[in-house]
Every structure is written in C-alpha cells, then in structure tokens.
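Quick note: the sequence shown uses this note's numbering, first residue 27, plus one each step. Remarks on the structure that follows.
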Amino acid sequence: MLCRRLVWVSILFLLARPAGARLVADQLLLIANKNFPESVELARYYAAARQVPASQILELDLPRGEDLLPDQYQSRLATPVRSYLESRQGSGIQCIVLFYGVPLHVGADISTPADRAELAMLNRAVEELDRRTAGIAQSAEALLKQLGLEPKPHSGVGSGAARVRVETAALQVQEWAQQSNDRVKQQLILDEMVKVQAQIAAVGTDVLTQAAGGTSVGTSPPSAAPRITGGPASTSPAADAPLTPRDARALLAKPRDRHAREQVRNYVAANNGGFILWQILTQQIEWLSSDQSDASVDSELSLVRDVDFPRGMYRENALHLQNAEKRTRQIMVARIDAPLPAIAKRIIDDSIAVEQSGLSGSVVFDCRGLPATTNGKPDAYGWYDELMRTTSKVIAEKTSLHVVTDNQAQVILPKTVKDVALYLGWYSLQNYIPGCSFNRGAVGYHVASLELTHMRNALSKEWVPNMLKDGICATLGAVSEPYLHSFPRPDEFFPILLTGEWTLAETYWMSCPLVSWKIVLIGDPLYRPYAAKPGMNKDVLPAPMRAAIQKIEARAASGR
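This is how it looks when you write it as structure tokens:
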C-alpha cells in the first residue's frame with residue numbers, strides 16, 4: 027500500500043522544491059529490479075512523489091541476490107542503462123537512482139590462464155624496458171656533464187623513471203642549445219642526443235621478443251614486426267598484416283581483445299620506440315590486472331557511459347571538488363534501499379517532509395582520540411581523526427548548531443546522545459552500537475571497512491542496515507574493504523550539506539574521492555535537509571571550495 031499517502035507527499039514536495047535547486051527530478055533515471063515487486067512499487071512511488079517522468083523508470087531483469095558476476099553486471103544492468111542513456115542524449119540525466127532489490131556488489135574479474143600468461147609477459151617486458159632505458163638515461167645525463175650541467179631533479183619514481191630522466195635531460199640540452207653561441211658544439215651535442223633518441227626507438231621490439239622468451243631480433247621494419255604474445259597464438263586473419271597508424275588507433279579502442287592488444291604492442295615497438303611502448307605496456311597491465319576489481323554496483327555504474335575501463339583497483343572520481351576543471355562523462359548514483367521495503371519508503375517520506383520543516387538536532391563526531399602524527403610522522407588514521415575534530419570545531423564556530431565531540435578511543439555507548447541530526451563516527455567493525463537517537467531526516471555514516479556487505483540479512487550487525495532500522499534517513503558504507511582514503515572527507519561533506527544549497531547526491535559526489543570502488547550512498551538523491559533552515563552560510567565555505575563548486579555547476583549546466 028505504498029500509495030496511501032502519495033497525494034500528501036506530493037503536496038509536501040511541491041512546497042519544498044526550491045527555485046534554485048541544482049539537481050532536479052527530471053535529471054534522474056530510476057532503476058528497479060522487476061523480479062522484486064517491492065522494487066518496482068518503490069520506484070513508481072518515488073517517481074510520483076518527486077515528479078520524475080514515468081519514462082525515466084527502467085525495470086530490469088536482475089538477480090534477486092545481492093551479488094552480480096561481472097558478465098551479469100554488463101549484460102543485465104550496464105548495457106541496458108547505457109543504451110537508455112545513449113538513446114536519450116541531451117535529456118540531461120545526471121543521476122541514477124537504484125531501488126530496493128537491485129544487487130549491491132559486482133564480483134572481481136576472473137583471469138584466464140591466457141590472461142595470466144600475457145600479464146606475466148607484460149611485466150617482464152616492462153622490467154626489461156626499465157633496465158635498458160636506465161642505461162639510455164645515463165647516456166643522456168652524460169651529455170649534460172659534458173656541458174658542465176647537473177641533471178635537474180625529476181618526478182619519476184619506480185617503473186618508468188628512466189623515461190622521465192631522459193625527457194628532463196633532453197629539455198636541458200634544448201635549453202642549453204638555445205642559449206649557446208658555439209655552433210660547432212651545438213651540433214655535436216645535438217647529434218649525440220639524436221643517437222640517444224635512436225637507442226630509445228630501437229629498444230622496443232627487442233624487449234618484447236626477449237620478454238616472450240624468443241631470440242632478440244633487433245629492430246625489425248614495421249611490415250615485418252614479429253607477432254609476440256604471452257598467450258595462445260592469434261587466430262585473427264589480420265594478426266600478421268602490416269598496420270597503418272589508423273589501424274593501430276582502431277585497435278587501441280579494443281583493450282579487452284587479446285589479439286588487438288598484441289598487434290598494438292608490436293606496432294608501437296616497431297614504429298614508436300621504447301617510451302611509447304612503456305605507456306602501452308603499463309596500460310595493458312592495468313587492463314589485465316584483476317587485483318581488487320570487485321566494486322559496489324553503484325560506484326561501478328557511475329562509469330556506465332564508458333564501455334570499457336580497467337576494473338583493477340579504483341579510479342579517481344571526476345566529479346570530486348579537486349577535479350572541477352575536468353570534462354567528464356561520469357554520472358552520479360544514489361540508492362533508496364534498506365533491510366525492508368517499508369524502511370526504504372520511509373526514507374522517501376522523511377526526505378520530502380524534512381525538506382519543508384528543516385532538519386533539527388545535534389551534530390555528533392565520535393572521534394578516537396588519535397594524534398595526527400606518530401613519532402613525528404603523519405599517520406593516516408590520525409589524519410582522518412584530526413579532520414573530524416577540525417570539522418566539528420568549524421561547525422561549532424560557524425553555526426548555531428549544538429556540536430557533540432567525543433574524543434575517546436571507544437565508540438559512544440548505547441543510548442548516550444539524543445536528538446541527533448548529523449553523525450560521523452568510528453571504529454566498531456561490523457558491530458553496530460546504537461549510541462545515538464536519530465531525529466527524522468538524520469544523515470550520517472560510520473567509518474569502518476565492512477558495513478554494507480549485506481542489506482537484507484536479518485542477523486547483520488553492520489552499521490548501514492542497523493542505522494536505517496534505527497531511523498537514519500541517509501548514510502553510506504562499503505561492500506568490501508575500501509581503505510580509509512575512499513570515504514568522503516568530513517570537512518567537505520558536512521559543510522556542503524549544511525548550507526542547504528546542494529542535494530545529498532551532489533554533496534556526496536563532490537566529496538567522494540574514488541569510483542569503480544566500494545562505497546554506496548543510501549538516501550534520496552534530491553534530499554536537502556537544510557533547505558528550509560540552512561545550518562551554515564555558504565559564504566563561510568573556504569574560497570577554493572566555493573570556486574570549485576561553481577566550476578562543477580557550470581560544467582553540469584553545459585552538459586560536460
């Protein structure tokens with residue numbers, strides 16, 4: 027009976043909807059699992075309550091479990107969503123909303139024996155390329171010493187450092203040549219640098235051959251570039267054919283095709299030399315690495331407009347404040363979900379109602395009392411704890427809100443703090459402690475590794491499902507180990523939310539560092555808890571933050 031109060035909820039929505047809202051209802055795409063009747067009902071209920079066009083609801087054939095295999099994710103979720111977005115280009119969809127019953131987790135990629143063999147070959151090739159180009163870098167730096175110059179400091183570290191050393195030396199030689207009046211010496215030095223560049227050009231094919239266990243072939247002409255692969259021989263009829271630059275560019279667009287990867291390597295080795303080859307090899311290693319490639323469905327779906335991207339580990343969130351200058355095809359994702367459909371419905375009702383009345387209550391920071399440094403060195407856990415303390419101090423000084431800051435190692439004990447509007451705390455792994463009584467519309471999260479591995483497990487002691495049971499309206503958590511730096515920074519998330527200017531989805535995505543990773547945002551993406559009664563004046567936000575937000579808004583408005 028989800029529609030019992032729909033008319034009243036819609037009236038509240040119309041009253042609460044401000045003229046200046048950034049993210050609005052017709053920019054949402056709603057996704058329900060048609061194998062859960064409650065999922066479809068909730069999506070339709072939300073669409074009616076928030077005035078989302080019915081044409082922007084996708085009812086997909088998804089498994090009833092909480093996990094998807096990578097191929098299931100692609101065929102049953104990502105591909106239909108991508109097709110929808112491509113068919114409605116220019117529609118302005120900026121946020122996907124997932125509903126109760128849509129799986130939470132995408133499993134890791136599974137490497138085949140051929141993949142593992144190719145990956146081993148690529149790693150050998152990079153190692154050998156690094157070794158050889160280190161010698162070339164020494165030759166380049168020796169030229170500088172002939173000129174009485176010391177090599178400049180460079181930013182190269184680890185694999186690929188030699189490339190940076192050579193490029194740095196080449197720039198120094200170029201600067202010297204522009205200033206020198208000794209034409210004879212100029213020519214001699216430049217001739218030597220040409221030899222260095224020839225060494226770089228010659229190294230590629232030889233390195234690939236050696237890495238594959240073959241005999242060195244030196245520098246083969248482009249048309250005779252050897253076919254080298256770490257896996258079974260290519261069966262592609264064009265695998266041995268000479269390639270044009272246009273062919274090579276087309277093959278670069280097929281990073282999941284093993285034969286295409288092989289042809290690209292051989293072409294670049296024969297035509298472009300060691301440094302471009304190094305870039306190609308490292309890109310292909312990234313593609314083949316399945317290490318920690320599992321992710322939350324939500325975070326993965328943020329990149330749905332990109333047909334192919336490496337899934338190993340994580341990617342930088344292009345919607346984050348620090349990336350305000352970048353163009354992006356990325357999309358926001360939020361989820362209206364809970365252990366029970368009734369709780370998910372309550373999230374919708376509470377969000378719309380509190381937008382009209384304004385969120386009230388205390389702000390709670392449950393810190394751990396960790397120092398920012400240990401033995402004089404920065405400490406990651408202490409850094410985050412200090413961010414929490416700093417944010418609590420800023421809110422106490424810049425707002426009239428009551429701020430509670432607990433700096434004890436243990437989490438706040440049960441039923442300690444009442445009347446809570448905002449909450450941030452840590453660290454009680456998969457062991458929910460109900461220390462706060464949440465007001466209607468409350469927002470908060472607990473920083474811990476595994477607080478959303480399951481949503482519908484009645485026996486779960488994880489924080490996300492249990493905070494939702496206890497009345498919180500919006501939260502976030504990880505489906506598997508996310509590492510600390512993947513959580514939103516409190517000094518970004520809470521001040522932005524407190525202004526009442528930006529929605530929950532915008533607030534989260536401007537402060538979330540990573541995508542194709544583990545975190546899930548639970549809540550109504552349009553929710554603005556401080557819309558009616560701003561908790562913080564936006565003018566007190568740090569100037570760099572205000573400037574970044576303005577650029578992000580301009581980018582969104584222009585469809586970039």
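A virtual CB, placed ideally from N, CA and C, is assigned to each residue, including glycine. Model, not experiment: these values are computed from the prediction.
Any C-beta of chain C under 8 Å from that of residue i
i, result
"residue 221", "No chain C appears in this structure, which consists of one protein chain only."
Nonlocal neighbours in the same chain, by C-beta distance under 7 Å from residue i, ignoring five residues either side
i, result
"residue 48", "528, 529, 532 and 579"
"residue 216", "203"
"residue 367", "64, 68 and 126"
"residue 164", "none"
Own chain, CB closer than 6 Å to residue i, minus 5 neighbours either side, in chain order
i, result
"residue 345", "356 and 535"
"residue 391", "414, 418, 431 and 450"
"residue 456", "476, 487 and 488"
"residue 58", "65, 66, 69, 85 and 125"
"residue 55", "82, 119 and 122"
"residue 471", "501 and 502"
"residue 31", "Bear in mind that the predicted position of residue 31 carries a pLDDT of just 42, short of 50, making it unreliable; the figure below should be weighed with that in mind. Cβ neighbours of residue 31 beyond the five flanking positions: none."
"residue 514", "537 and 538"
"residue 369", "494"
Residue closest to residue i, alpha-carbon to alpha-carbon, out of the options
i, options, result
"residue 541", "484, 326 and 407", "326"
"residue 350", "498, 236, 395 and 537", "537"
"residue 583", "114, 120, 83 and 97", "120"
"residue 271", "520, 288, 293 and 287", "293"
"residue 284", "100, 177 and 314", "314"
"residue 333", "88, 104 and 573", "104"
"residue 319", "329, 337 and 328", "337"
"residue 212", "223, 309, 186 and 173", "173"
"residue 576", "416, 444, 348 and 468", "348"
"residue 306", "277, 323, 330 and 328", "277"
"residue 91", "323, 331 and 424", "323"
"residue 166", "195, 142 and 186", "195"
"residue 50", "162, 551 and 558", "551"
"residue 385", "560, 321 and 453", "560"
"residue 87", "111, 74 and 102", "102"
Three-state secondary structure (DSSP) of residue i
i, result
"residue 126", "coil"
"residue 545", "strand"
"residue 249", "Annotation note: pLDDT 32 at residue 249 (below 50); position unreliable, no value reported."
"residue 501", "strand"
"residue 42", "Low confidence applies to residue 42: its pLDDT is 41, below 50, so where it sits in the model is not reliable enough to give any reading."
"residue 58", "strand"
"residue 344", "coil"
"residue 360", "strand"
"residue 197", "helix"
"residue 579", "helix"
"residue 322", "strand"
"residue 404", "strand"
"residue 86", "strand"
"residue 567", "coil"
"residue 540", "strand"
"residue 555", "coil"
"residue 271", "helix"
"residue 258", "Residue placement at residue 258 is flagged as unreliable, the pLDDT there being 37, under the threshold of 50; the coordinate-derived value follows with that caveat. Coil."
"residue 178", "coil"
"residue 238", "coil"
"residue 280", "coil"
"residue 335", "coil"
"residue 572", "helix"
For residue j and residue i, believed in contact at Cβ under 8 Å, the rounded distance
i, j, result
"residue 447", "residue 526", "With 8 Å as the limit, residue 447 and residue 526 do not qualify as a contact, their Cβ atoms being about 13 Å apart."
"residue 5", "residue 524", "A question about residue 5 goes unanswered here, because the residues of the chain that appear run from 27 up to 586."
"residue 393", "residue 343", "The Cβ separation is near 25 Å, so there is no contact."
"residue 106", "residue 132", "Not really, about 15 Å apart at Cβ, beyond 8 Å."
"residue 290", "residue 279", "About 10 Å separates the two Cβ atoms, so there is no contact after all."
"residue 468", "residue 498", "5 Å"
"residue 136", "residue 192", "With a Cβ gap of about 38 Å, residue 136 and residue 192 do not count as contacting."
"residue 460", "residue 441", "7 Å"
"residue 544", "residue 574", "Their Cβ separation, rounded to whole angstroms, is 24 Å, which puts residue 544 and residue 574 out of contact at 8 Å."
Beta-carbon contacts of residue i that lie in its chain and below 8 Å, excluding the five residues immediately before and after
i, result
"residue 233", "151, 154, 155, 158, 295, 300 and 303"
"residue 481", "92, 130, 363, 364, 365, 490 and 491"
Proximity test, residue i beta-carbon vs the ligand NAD heavy atom, cut-off 7 Å
i, result
"residue 73", "The model on display carries no ligand, and the ligand NAD is accordingly not part of it."
Ignoring anything shorter than 3 residues or poking outside the segment 416-456, list the beta strand (DSSP E) runs there in chain order. For the segment 416-456, whole beta strand (DSSP E) runs of length 3 or above, ordered along the chain, are 429-432 and 443-451.
Which runs of the alpha helix (DSSP H), 4 residues or longer, sit entirely within the segment 94-148? 105-113
At which residue ranges does the segment 373-402 contain complete beta strand (DSSP E) runs of 3 or more residues, listed in the order of the chain? 388-392
Residue ranges of each beta strand (DSSP E) run of no fewer than 3 residues wholly in the segment 455-517, ordered along the chain? 462-472 and 501-504
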